[in-house]
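K.L.:
So the number in my numbering is just where the residue sits in the sequence shown, counting from 1, plus 36.
Ideal placement from N, C-alpha and C gives every residue a C-beta, glycine not left out.
No experiment lies behind these values; they were computed from the predicted model shown.
Have a look at the structure that comes next, please.
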Amino acid sequence: PEINMAKPSKKSNIEGFQVFFVLIYCLNITFSIVNMSMSVRCNKTQLPSQLLRIIIPVGLLALSSVIHMIPEKPPFSYLLWWLRWSMIYQLVVDIIDINNMCKVYDQ
Numbered sequence: 037p038e039i040n041m042a043k044p045s046k047k048s049n050i051e052g053f054q055v056f057f058v059l060i061y062c063l064n065i066t067f068s069i070v071n072m073s074m075s076v077r078c079n080k081t082q083l084p085s086q087l088l089r090i091i092i093p094v095g096l097l098a099l100s101s102v103i104h105m106i107p108e109k110p111p112f113s114y115l116l117w118w119l120r121w122s123m124i125y126q127l128v129v130d131i132i133d134i135n136n137m138c139k140v141y142d143q
């Protein structure tokens with residue numbers, strides 16, 4: 037007899053865009069650490085916001101490594117996509133901040 041009679045979901049497999057967003061989370065952590073070190077070097081006091089920029093991607097990376105599934109129900113799937121797009125936005129903001137800090141550092 038089979039123990040699990042439920043039909044497996046199509047969303048339980050790992051897809052390419054999941055790996056892409058894990059890389060986005062890792063890039064967010066990396067750029068946040070670089071941005072924090074540049075702000076310390078340029079004597080700008082942005083450390084509380086920089087720490088928050090590190091904590092959020094680390095939390096999402098921990099959740100994505102524990103859950104391993106894409107939620108199929110609408111409230112949770114909408115939240116997941118909102119978090120993914122906010123991480124892309126945060127990555128763009130971090131790149132722009134690093135670029136501006138590098139201009140200040142060169143002077």
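With a cut-off of 8 Å on the beta carbons, I'd call LEU119 and LEU97 a contact; round off their distance for me.
P.N.:
About 11 Å separates the two Cβ atoms, so there is no contact after all.
K.L.:
Count the other CB atoms, across all protein chains shown, that sit within 10 Å of the CB of PHE67; report buried if there are 16 or more and exposed otherwise.
P.N.:
Per the 10 Å Cβ criterion, buried.
K.L.:
Considering ASN64, what are the terminal residues of the alpha helix (DSSP H) in which it resides?
P.N.:
Run containing ASN64: 52 to 77, per the alpha helix (DSSP H) assignment.
K.L.:
For the alpha helix (DSSP H) that ILE106 lies in, which residues bound it at each end?
P.N.:
Element bounds for ILE106: n/a, residue is neither H nor E.
K.L.:
Tell me, please, whether the stretch 82 to 94 touches the stretch 50 to 59 by the rule of three or more beta-carbon pairs shorter than 8 Å.
P.N.:
Flag = no, the stretch 82 to 94 and the stretch 50 to 59 do not touch.
K.L.:
Contact defined as beta carbons within less than 8 Å: I believe LEU116 pairs with PRO107. What is the distance between those atoms, to the nearest angstrom?
P.N.:
Between PRO107 and LEU116 the Cβ distance is about 6 Å, and since that is below 8 Å, they are a contact.
K.L.:
Could you tell me how far apart the beta carbons of ILE60 and ILE124 are, in whole angstroms, since I believe they sit closer than 8 Å?
P.N.:
Contact holds; Cβ gap of about 6 Å.
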